[in-house]
Amino acid sequence: MIVLHANWESLTPGKLHIWAETSNLPVPRRTGTNKKQKKEQDKQHHPYALDHEALKAAVEEHLETSLLKGVDTGTLTLRLPSTAKGPHHSPELILEREDDDVRPTEFQSWEVATLALNPKLALDLLLQLPNDPPHGVAFGSSLRFWAEAAKFTFGLLTKQSFVPALQEFRRDNAPFYRAAWEAVLVGEDDERMHLLSTLMPAICWAHVSPSERFSSLPQAMLSHFINQTIDAFVRENLSEKDLHPSRRSNRRSAATSLAEQWLPALAADDATATLRAPAEELHGFAGDMQAWLNQLQPVAANAPFRTCFRLDPPSEDNENGSAWQVSYYLQANDDRSLLVPAEKVWKERSSTLTFLKRQFENPQERLLTDLGKASRLFPAIEESLRTARPQDLRLTTEEAYTFLRQSVPLLEQSGFGVLVPSWWQKPAARLKVKLKVKPKEDAKTGAGLMGFDSIVTYDWMVAVGNTTLSEKEFEKLVKLKMPLVQVRGQWIELRPEEIEAAIAFFEKKHSNGDMTLGEALRLGLGQEQSAVGLQVIDIEGQGWIKELMDKLTNSRKITTIESPSTLHGKLRPYQLKGVSWLAFLKQFGFGACLADDMGLGKTLELITLLLHDRSAQNGASQPGPTLVICPMSIVGNWHRELQRFAPSLSVMVHHGAERLSDEAFREEARKHDIVITTYALALRDKEHLAPVEWEYVVLDEAQNIKNESAKQTRAIRSLNARHRIALTGTPVENRLSELWSIMDFLNPNYLGSGTDFRKKFGIPIEKYHDASRAESLKRLIQPFVLRRLKTDKAIIQDLPDKMEMKVFCNLTQEQASLYEAVVKEMIEKIEQAEEGIERKGLILSTLLRLKQVCNHPAQFVGDGSSLPGRSGKLARLEEMLAEALAAGDKALIFTQFAEMGSMLRHHLQETLGCEVLFLHGGTTKKQRDAMVQRFQEDRRGAPIFILSLKAGGVGLNLTAANHVFHFDRWWNPAVENQATDRAFRIGQHRNVQVHKFVCVGTLEERIDLMIERKKVLAESIVGSGENWLTEMSTDQLKELFALSREAVGE
Amino acid sequence: MGNWRGRGDYWDYYEPAQPRRVKDGIKAKSERGGIGETWWSKRWVGVLESFSLGTRLTRGRSYARQGQVISIDVEPGIVKAKVQGTQPRPYAIKIKLKPLSDNDWDRVTEAMASQAIFAAKLLAGEMPQDIEEAFDAVNVSLFPTAATDLDTDCSCPDWANPCKHIAAVYYLLAERFDGDPFLIFKLRGRTKEQIIEVLREKRAGTSSGESPAFVTGAEDATDAAGPLLEENLDTFWQAAEALNTFAVHLEAPQVDKAILKRLGDAPFTIGGQNMASLLAKAYDAVDVALRKEVEE
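For the protein sequence lines, the chains are A and B, in the order given.
The first sequence lines up with residues 3 to 1052 when you count with the numbering used here.
The second sequence lines up with residues 34 to 329 when you count with the numbering used here.
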C-alpha cells in the first residue's frame, strides 16, 4: 500500500507537493553506521518514499486522474520523527514488517521526491479526491487537511468572497508589486478559516525549517494556500478582454497608467508579472489601491463598540402610520445585548459615555463615522442625517424590503450590527404550499390498494406559516403589490417569482388531482420545490393516510404486535418493536430497511415477522414463499437460525451444483416458506428465480447491492416481490451510494435517479458535510430505515453485558473438495491402522487437517497462495469486522494456529485498510506491551488484535475490545472463556459480543453440538483437550467427520 | 507678492530649457486628463482653472506629473512647498488661503451641527456634497471663489502669478484633498480635531470646557510572531478529529457582487469607466466557471 501526503510550499506561485510512503519497499540497507558521515550528509533520501516515476504512476492509477500530464517534479526536505533505523512511518502506513514497535526518538531531515502541483492543479486534484481512498492507498492527515482547505476555498469562490488586490513584495529591500486575487474573510468565514488552521497537523509544516517557524504559521500557510488557489482559479477563467474589451485597440500606447497595467494583469496567465513604473509612482498607486480596498475592512474591528441598526415593522397601534423604522444604536462588541440608543449618545457632552456601567470612548464620533460609511451601503440613511441628532429613519414597506434584502447583508459584511425582525429569513415567513392528501374516494380500501404506487387525491393549498390561504385571500395579497405583507398579524415576504408561480398555479387550476402516495410522501417529507414552483412545507393526510403519516414519522405510535406462539425463543422488547415496525410498513406496502447494529438480532426479527404473518393469516390464505438473498458465508447461519427459532417454517437452501432449476425449482420453491440463496446465484439463476411470485424478497447484508449498475443489482431489482426488506448492520446513513441503492430496491424511485441523488445529496453531504441537506435526507428516509445502536440505552435497556453467539459459516467448493479428500484418506488409512498410538495419531492429525481446511485452503496447503474468495469463514470475518469498524468498535480474534494468525493479519490489513496487531508465541514481552498499548489507545490505536490462543492466555487486559471472534475452536469452553475474558474485564463499560465461528455440516458443527448437549461432560471429558475423540469407534468417527451436503455455500 | 496678475502669456515665450529632474519627487497619480478624483478636489482645481492661465496651467500639470515638486507642507492657513525648476536651487512656494475668523467658524460649525450628515461624512473620509451650503448660510466660502481669496508666492523669476510652479503645487494639493478632505479646513484655519470637538459640544447642547483628545480607532494589534512551533514526536502526524466533520457551505452570495458594492467607486478610471464596473465582469466569469464545475 501507499500513503499519500501533501505539503504546501508558500512561494509565488505556491506549490503543493504530493509525495508517498510505501510499504512495499524492502528494508533499506543501513548505509554507513558511521554517525559522523550521517551528520555531514545531513539530508538523506527517505527510504520508504516513492521516487518520481513510481509516484506519478501510482497517483495517476489510484486516483484515476489525467490531471497530472506533464506535471512538474520536485524534492522536499522534511523533518520527520525518526528512529536510529530511519524515518518513522505515518500511522496510516500499515507495514508488512514486524519490527515496527520502536517509537521515534528524534527529528531528522529526509528528502522525498514529490509531484509539484501549481495552485490551479492543486485545487483541481484536491477537489477531485475521493472521500474514501481507493484500495491500496491511504490519505495522510496532511493530504486530508489540504483537501478540506480546497473545499473551503471552493466555498469562498461560490460566495464571491474574493477581491482583486495589489500585493507588495520585497527584493533587496526594494518593493515590487503584483496584481492578484485574494480571499475576503469576514465574520463567520474568518472564524472558520481560523478553526481550520487549528486543525492543521504538524506534518504540514515539516518542510519549514524550525528557525522559520512561528506560532501563527499554520494560519499564514493556510491563508497563502487559499489566496493562491483563488487567484489561480479566477485567472484560469478570465481573459484580458473580459475585463477591458476596448484595451486591445490601444495596446501599444506609450503611456499605460498603472491602473491599465494592473487590470489585465489580473487576468494574465502569468501570476508573477510585476507592475512597471518608477518607485514613487508605484508607491502612490499602492497607497491609493490600499485606501480603496480598505473599504472592505470591517468598521470598528478592534473598537469596543460598533454601530447597530435595528429594523422594526410599523407598530400595531399605527402611531407612525405605516412606516417602518430603522433605529441607530451603539452596540458593545463583547456583549451584543448591550445597546445604547443614539439619543443617549447625542446627549453626552464629554468624550466618554457611561451606560450600564460600561464606558464608551468618543461615542458620537463612532456613531457619526459609521453612519457616514453606512450611508454608502444604504443611501436612505443620508436623509436622516439632515437633522442634528439623527436617531432613526422611517421607511416605506418597499424601502424596508430593499433594506432587508440588499443592505442588511452588506452592512453585516462591513461589520455593522443589524437587528432584524425575527420572522425575516424564517421559512414561516415565505409563501409555501401545503399538500392535502386523502384516499381516492372511488377506490375500495383494502391492503392490496395501499403502497407506494397507490393513487391518492391531492389538494394544493397556498400557505403562509400555519395558515392556508384561499384563492381570494391570495389575490388580495397580490393586489397590494408589496414585497412584505401582513397576513393575520404575521409579516411575510412575497418574492415576485413566487407570486408568479402561485398565480400560474391557480390559473392552470391544477391545484388538485391524483398522484401516487410515494410522490406525495417525497414532496411532503423532503420539503422540496413542488411542481408548483413553491416549496412544500407540509403534508396533511386524511383517513388512513393520516394514520399512516402519523406512524411513519413517529414509530412509537406503531402498535406493538404480540410475539407469535410459533416462535421458539423470546424476543427482547426492542426486537418486538422492530418486528412491529416491519409489519406496519408491510401492511402499507412499503419496503423497509432494518439497520440495527450487529448482534442485536436482525435475523431473529425477520424470522418473527414471517411467523407473525402466518399466525395473523389464520390459515385463510397462506403467504407465498420468501426469498432470502445473503452472502455465501451466511447461508448456513440463516438455515441454522431458522431451524432453531422457527422449526414450523420449511426452508429450502438453493445452492450447490445439484440445485434445482426451471419448473422443478418453481414447484419446490412454492412448497416452502423460505428459500435461501446467495447474491451470486441471484444473478446466475435469475431466470429460475424471476417467475416465482415472492411474498418477500429479503436482502441480508444489503450493502452488497451498492453498485447500482451491476448486473447482480439489476437482477435482484427485477425480482417479482410483493414486499421488500433489507437488512444491514452498516451505518447506511453515512454511505450514501449504498443508501440510495438499498432504498431504490425497497421503494423504487422514491429517492429519484442515482445521478440526481448524487447531485442533490451525495456530493453536498459526503464532500462538503452539508448539514441541511443531510437533515432533509434524513427526513426523507427516516420512515423507512430503523437503526438502533447497542449503545443507545434509552431504546435497548436489556442487553446483557456479554452476548455469545455462534456464527455458522459455509465452506467454499474448494474447501469442500479438500475436506472430503482428507476424510477419504483417513477412512482408508484407519481401516488398516493398528489400535493405539498409530490410530490415535491418525485421528488427531486428521482433526487438525480438517480444522485447517475449515479455516482456509491456503492454511491447509501451506503454499502462501492468495486468500480472497476461498474460505467461508474468512469472508464472514471480513464482513463482520467491516461492520464493527464502521461502528467504531474494536475486536479481538483468537485462533489456535499461528500461521493462520499471520495470514489473517496481512489479509485484513490489506482489505480493511487498518492496522492489525498479532500476538503469537514468538512475540517478545516488550513487543507485547507495545501492542497492548497500541490496542488500548483511544480511537487512533489499532482496532484489530489477533491472538494465538496459546500466547494470548496470560494476564492481558484488552478492554478496548467489544467484539471477540473465535475464528477456530478449541472445543474447551474453559479455555475459550478465559480468552474471551481478556476483553471482559474490569474496565469494560460496553457490552461484549462473542462470535464463535462454526462451519456448517462439518466436524466443527458436530463437535459443537456434542459439547452443547453434554455441557456436564464438557468440563470433565472435553476439558482435557481433544483426546476423547480418539476413543470413538470408526463408525462414530466416520459420522463425525462426514461432510453433509448443506456445508457448501456456493 | 500680491494678487494674481493678469494674463502673462507673453512671458511664456521665454520658457527656458527643461527643468532639472528630481529624484523621488511628488508625482501626480493621474497621468492623463484632469487631476483630482473627488468632487471636492475637482472643485478646488476648478477654481484654479477658471483663471485662464493658459499654458502655465498645462506646464504646471506636467510639472506635477513629472515629480518636480519636492515637498508640500499644509499648515493652518498656509501651504509651503518646494519645486525644482531650471535653476539649481528649488523655488519656495507659499499658498495662503484667507482663514475664517473665529466668529465665522463658530457660525459655520453651528450650521454644520444642525445636520449630522456633515460630521458623519467628514468622519468617514468624505466631503459632504453640500458642505458649501453650511458656509453659504453664514456668507463665507470654503473654497476660494475669486483671485482675491488666494495669496500665492513663488521665488522663481517668472513675473506671472500664479506661475507654473504654483499651479503644480495646486494640482498636487487637489490629490491630497482626495484622501483627506479635512485639509481644506486646515487651510481655512481649523484642524479636523478642532471641528469635531466643537461639533460634539454643539450636539450635546452646551459647550464644555474640556477638550479631550480624539482617538482615531484602536491601534491594530501588531502581529506578534509568537513562540516557534515546537516539534512534537507524539502528535506529529495527527490531525484533530474535527477535520473529519469540517463543513463547507456552498451557497450563492446573499447579494450579487457584494464586494464591489462595499468597495464603491474606485479612485481609478480606464477609458471613462470606473475600475469597479470593469471588475464586475470577473465575478460573472467566475460564476459561469463554477456552475460548470459543479455540474460536472
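All C-beta atoms, glycine included, are put in the ideal place defined by N, C-alpha and C.
Buried/exposed call for residue 473 (chain A), threshold 16 Cβ in 10 Å: By the neighbour-count rule (16 or more Cβ atoms within 10 Å), residue 473 (chain A) is not buried but exposed.
Please confirm whether residue 216 (chain B) has its beta-carbon closer than 8 Å to some beta-carbon of chain A. At a cut-off of 8 Å between C-beta atoms, residue 216 (chain B) does not count as an interface residue with respect to chain A.
How far does the beta strand (DSSP E) with residue 187 (chain A) in it reach, from first residue to last? That residue, residue 187 (chain A), is in no beta strand (DSSP E); it is neither H nor E in DSSP.
Using a Cβ cut-off of 9 Å, pull out every chain A residue sitting near residue 268 (chain B), in sequence order please. Simply 203 and 204.
Please work out which residues of its chain come closer than 8 Å, Cβ to Cβ, to residue 425 (chain A), disregarding the five sequence neighbours upstream and downstream, and give them in chain order. Cβ neighbours of residue 425 (chain A) beyond the five flanking positions: 431, 492, 493 and 494.
Length at least 3, wholly inside the region 669 to 743 of chain A: the beta strand (DSSP E) runs in chain order: Fully enclosed beta strand (DSSP E) runs of 3 or longer: 676 to 680, 696 to 701 and 723 to 729.
Taking the runs of the beta strand (DSSP E) that are 3 residues or longer, which of them lie wholly in the region 740 to 768 of chain A? Fully enclosed beta strand (DSSP E) runs of 3 or longer: not present.
So what does DSSP say about residue 1055 (chain A), is it helix, strand or coil? Missing from the structure shown is residue 1055 (chain A); chain A here goes from 3 to 1052 and no further.
Against chain A, does residue 105 (chain B) count as a neighbour if the rule is that its beta carbon must be under 8 Å from one of theirs? By this cut-off, residue 105 (chain B) is not an interface position.
Around the Cβ of residue 299 (chain A), are there at least 16 other Cβ atoms within 10 angstroms (buried) or fewer (exposed)? Burial call: exposed.
Inter-residue CB distance, residue 48 (chain A) and residue 89 (chain A) (contact presumed, cutoff 8 Å): Indeed, because the Cβ distance is near 6 Å, the residues count as touching under 8 Å.
Would you check if there are 3 or more beta carbon pairs closer than 8 Å linking the region 664 to 684 of chain A to the region 838 to 855 of chain A? With a cut-off of 8 Å, the region 838 to 855 of chain A and the region 664 to 684 of chain A do not count as touching, because too few Cβ pairs lie within range.
Minimum Cβ-Cβ distance from residue 160 (chain A) to chain B less than 8 Å: Judged by the 8 Å Cβ criterion, residue 160 (chain A) is in contact with chain B.
Taking residue 828 (chain A) as part of the alpha helix (DSSP H), name the residues at either end of that continuous run. DSSP places residue 828 (chain A) in the uninterrupted alpha helix (DSSP H) bounded by 815 to 834.
Apart from the five residues on each side of it in sequence, which residues of its chain come closer than 6 Å, Cβ to Cβ, to residue 257 (chain B)? Any reading at residue 257 (chain B) must be qualified, since the residue scores a pLDDT of 44, below 50, and its modelled position is unreliable; no value is offered.
Quick check: is the beta carbon of residue 239 (chain A) nearer than 8 Å to any beta carbon in chain B? So yes, residue 239 (chain A) belongs to the interface.
Going by DSSP, what residue range makes up the alpha helix (DSSP H) through residue 872 (chain A)? Secondary structure note for residue 872 (chain A): it is in no alpha helix (DSSP H), with a DSSP letter that is neither H nor E.
Cα-Cα separation, residue 436 (chain A) to residue 600 (chain A): When only Cα atoms are considered, residue 436 (chain A) and residue 600 (chain A) end up about 40 Å apart.
Of the choices A:718, A:730 and A:687, whose alpha-carbon is the least far from that of residue 698 (chain A)? The option with the nearest alpha carbon to residue 698 (chain A) is A:718.
Measuring only between beta-carbons, confirm whether residue 416 (chain A) sits less than 8 Å from chain B. Residue 416 (chain A) counts as touching chain B.
For a contact defined as C-beta to C-beta under 8 Å, what are the partners of residue 229 (chain B) on chain A? Residue 229 (chain B) reaches chain A at 367, counting residues in chain order whose Cβ is nearer than 8 Å.
Does the region 996 to 1008 of chain A come within contact of the region 865 to 881 of chain A, defined as at least 3 CB pairs closer than 8 Å? Contact holds: three or more Cβ-Cβ distances are below 8 Å.
For my contact list, residue 329 (chain A) and residue 312 (chain A) are in at a C-beta cut-off of 8 Å; report their separation, rounded to the angstrom. That pair is a contact at about 5 Å.
Could you tell me whether the Cβ atoms of residue 609 (chain A) and residue 681 (chain A) are closer together than 8 Å? In this structure, residue 681 (chain A) does not lie closer than 8 Å to residue 609 (chain A) by Cβ.
Residues that DSSP places opposite residue 330 (chain A) in a beta bridge: Under DSSP, residue 330 (chain A) takes part in a beta bridge, and its partners are A:311.
Between the beta-carbon of residue 968 (chain A) and the beta-carbon of residue 862 (chain A), is there less than 8 Å? No, these two residues do not count as a Cβ contact at 8 Å.
Is the Cβ of residue 48 (chain A) closer than 8 Å to any Cβ of chain B? Judged by the 8 Å Cβ criterion, residue 48 (chain A) is not in contact with chain B.
Along chain B, which residues have their Cβ under 7 Å away from the Cβ of residue 391 (chain A)? Here the neighbours are 149 and 236.
Nearest CA to the CA of residue 726 (chain A): which residue from A:592, A:633, A:652 and A:822? When A:592, A:633, A:652 and A:822 are compared, the shortest CA-CA separation from residue 726 (chain A) is found for A:592.
Identify which residue in A:766, A:423, A:19 and A:287 has its Cα closest to the Cα of residue 316 (chain A). It is A:423 whose Cα lies nearest to the Cα of residue 316 (chain A).
List the whole-angstrom C-beta distance separating residue 387 (chain A) from residue 164 (chain B), where the pair is believed to meet the contact cut-off of C-beta under 8 Å. Contact doesn't hold; Cβ gap of about 13 Å is too wide.
Would residue 166 (chain A) and residue 181 (chain A) qualify as a contact pair, given that the criterion is a beta-carbon distance under 8 Å? Result yes, Cβ atoms of residue 166 (chain A) and residue 181 (chain A) sit closer than 8 Å.
Determine whether the beta carbon atoms of residue 351 (chain B) and residue 208 (chain B) lie at a separation below 8 Å. The displayed coordinates of chain B run from 34 to 329. Any statement about residue 351 (chain B) would go beyond what the structure contains.
C-beta neighbour in chain A for residue 286 (chain B), strict 8 Å: Taking Cβ atoms only, chain A reaches closer than 8 Å to residue 286 (chain B), which makes this a yes.
Does the Cβ of residue 505 (chain A) have 16 or more other Cβ atoms within 10 Å, making it buried, or fewer, making it exposed? It counts as exposed.
With a threshold of 6 Å on Cβ separation, who are the neighbours of residue 231 (chain A) within its own chain once the five nearest residues in sequence on each side are excluded? Closer than 6 Å at the Cβ level, and outside the excluded window around residue 231 (chain A), lie 121, 125 and 155.
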